[in-house]
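Taking it in order: structure first as structure tokens, then the write-up.
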Amino acid sequence: MAGLGSGAFGADEPPFWATLPGAARGFLSHVHAGFTGVDGESYGLAQPSYMATLAAWAGWPTGIPGWRDDTGICATRLLWLSGSGDNMALCTSPDLPPGQAAKVWAEGETEVTDFGAALDELLLTALG
Numbered sequence: 001m002a003g004l005g006s007g008a009f010g011a012d013e014p015p016f017w018a019t020l021p022g023a024a025r026g027f028l029s030h031v032h033a034g035f036t037g038v039d040g041e042s043y044g045l046a047q048p049s050y051m052a053t054l055a056a057w058a059g060w061p062t063g064i065p066g067w068r069d070d071t072g073i074c075a076t077r078l079l080w081l082s083g084s085g086d087n088m089a090l091c092t093s094p095d096l097p098p099g100q101a102a103k104v105w106a107e108g109e110t111e112v113t114d115f116g117a118a119l120d121e122l123l124l125t126a127l128g
């Protein structure tokens, strides 16, 4: 991983790393280990060492109490990649078809969509 700091990935790859499309994994591994807004976790792809399951990212590593989601995917099987501040998290999962992502809103709603389109939308959101 030329040009990346030793902390870019942490000790291990993130859980469910293989659920990211190959182009996203390649970008994070060989070009730029994270591309976000100034908070380090919004409006792009977070540094791989920050990636965790949605449940762990939310502070509930064994599962979010009362979790319900329209897709039937457990929060411990969603890989948190980034978000739009406090409102929406962008995730992938081994329970989704390849190339798909889940947009998970703070209110509990989930939308399954094309990964590339969701990432483009997230990147453009930062521009206002």
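Residue 47 in the UniProt record's numbering sits at position 47 of the sequence shown; the count goes up by one each step and never skips.
Ideal placement from N, C-alpha and C gives every residue a C-beta, glycine not left out.
Helix, strand or coil at residue i [DSSP, three-state]
i	result
residue 154	This structure cannot speak to residue 154, because the chain is shown only from 1 to 128.
Leu54	helix
Leu81	strand
Phe115	helix
Thr92	strand
Thr71	coil
Thr110	strand
Same chain only: Cβ atoms within 8 Å of residue i, ignoring 5 sequence neighbours per side
i	result
Glu13	Pro48
Length of the line joining the Cα atoms of residue i and residue j
i	j	result
Leu122	Thr92	14 Å
Leu54	Cys74	9 Å
Gly72	Pro94	12 Å
Ala18	Leu79	10 Å
Glu111	Gly66	19 Å
Pro97	Thr76	17 Å
First through last residue of the beta strand (DSSP E) which encompasses residue i
i	result
Ala102	Gln100 to Trp105
Ala23	Looking at the DSSP string, Ala23 is not in any beta strand (DSSP E); the run it does join, the alpha helix (DSSP H), is Gly22 to Gly26.
Proximity of residue i and residue j at Cβ, strictly below 7 Å
i	j	result
Ala126	Thr113	no
residue 137	Gly99	Outside the modelled stretch of the chain, which goes from 1 to 128, sits residue 137, for which no answer is possible.
Ala117	Lys103	no
Neighbourhood of residue i by C-beta, 7 Å cutoff - its chain only, sequence neighbours within 5 removed
i	result
Gly83	Glu41, Ser42, Ala89 and Leu90
Asp86	Ala106
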